Amino acid sequence: MKILTYEYQNKEQVGILTEDGKYVVPAFMYADMQQLIKHAALGELAGVVAAGENKVALTDVKLLAPIPKPAQDLICLGINYQEHDTEIAHSFGKEQLKKRNVPIYFSKRVNRAVDPEGFIDGHFNIVDSLDYESELAVVIGKDAKNVSEEDVQDYIFGYTIVNDVSARNVQTAYKQWYFGKSMDDFTPMGPWIVTADEISFPPKLDISCSVNGELRQNSNTKLLVHGVAHIISELSQGMTLQAGTIIVTGTPGGVGMGMKPPCFLQPGDVVTCAIEKIGKLTNVVK
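For the sequence shown, counting from 1, position 272 maps to 272 in the UniProt record's numbering; every step adds exactly one.
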């Protein structure tokens, strides 16, 4: 199923997309996506869709980010595709970055996630190297602690897309990633959450990003250096991943920083991030 947050008649609510993709069936019993994730059963949601009560055409609603206001910072992974590792090394005049045996984790603050067709604020008064990063995001379905890799699937609610928009000059100046990735409107998300039962595990999905119709990133999530099972299991050792936690798994090669010469986003650019079986985000830079 595709579970979404949307605005209809000036009201924000959650619902389920019908199988034909034409209608949204509201899930009135849940105040928001966080509550739905914590308390809903897939069978119950399937029943809501089957009943079809109060359904509205998808074209009549405004899609919002599926989790507009995450309860906690997003947990992100850095340099989790080998091709991205290589291009970042080359951008610093090196053949390869220093070999690591463990993932790079960092957090990303999100005051409010950008809608699937919303605007990216470039903050060009302080940013001169705005970049895109198409990424698969995993949404945790129930509190997870000390989970084995074999049991990780049981804790995944579903998957969505995140564009981890980044200010490269800010990242470089501050020698860390938090500030340069946490500015307002730096987190387009959506267009919905696809429940885990619809995607085989581990996910092997085509992932891409285009700018003004030019394909920049084109890869597959099977190439993650550290896979979803390892990430969730490792993070859960001693740290509770609460239901609704969003884990963003890293971006493949093809970012603007890695191009020769670098090619960063400008006002008016149209950025489309897409992942197989999930959908796409199309956002304009302002």
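The beta carbon of each residue, even a glycine, is placed where N, CA and C say it ideally should be. Predicted, not measured: the structure shown is a model, and the values here were computed from it.
- Glu-276 sits in coil when the DSSP states are folded into three classes, being neither helix nor strand.
- Considering only Cys-273, Met-259, Leu-205, the residue with the shortest C-alpha distance to Glu-83 is Met-259.
- Excluding five sequence positions before and after Gly-122, the CB atoms of its chain that fall closer than 6 Å to its own CB belong to Leu-130, Val-285, given in chain order.
- In this structure, the straight-line span from the alpha carbon of Ala-40 to that of Phe-28 is close to 12 Å.
- Around the CB of Tyr-174, fewer than 16 other CB atoms lie within 10 Å, so the residue is classed as exposed.
- Comparing alpha-carbon positions, the option among Leu-241, Lys-55, Thr-187, Pro-191 lying closest to Lys-280 turns out to be Pro-191.
- Note that the C-beta distance between Met-33 and Glu-198 is not below 8 Å.
- Short of 8 Å from the beta carbon of Tyr-105, and not among the five residues preceding or following it, lie these beta carbons of its own chain, in chain order: Ile-75, Cys-76, Leu-77, Gly-78, Leu-235.
- At a Cβ-Cβ threshold of 8 Å, Ala-137 and Ile-161 count as neighbours.
- Under the criterion of beta carbons closer than 8 Å, Tyr-155 and Pro-203 do not qualify as touching, at roughly 15 Å.
- Beta-bridge partners of Leu-64 (DSSP): Thr-5.
- Taking a C-beta distance under 8 Å as the contact criterion, Asn-111 and Asn-283 do not qualify as a contact pair.
- Looking at the DSSP output, Gly-78 shares a beta bridge with Ile-104.
- For Met-239, the secondary structure class from DSSP, reduced to helix, strand or coil, is coil.
- Within the same chain, Glu-149, Val-152, Pro-202 come within 7 Å of Ala-229 by CB-CB distance, once the 5 residues on both sides are set aside.
- By the criterion of a C-beta distance shorter than 6 Å, Thr-245 is surrounded in its chain by Ile-140, once the five residues flanking it on both sides are discounted.
- Here Thr-240 has Asp-143, Ala-144, Lys-145 as same chain residues with Cβ atoms under 8 Å from its own Cβ, once five neighbours each way along the sequence are excluded.
- Relative to Lys-108, the option among Phe-179, Ala-57, Leu-58, Gln-217 whose CA is nearest is Phe-179.
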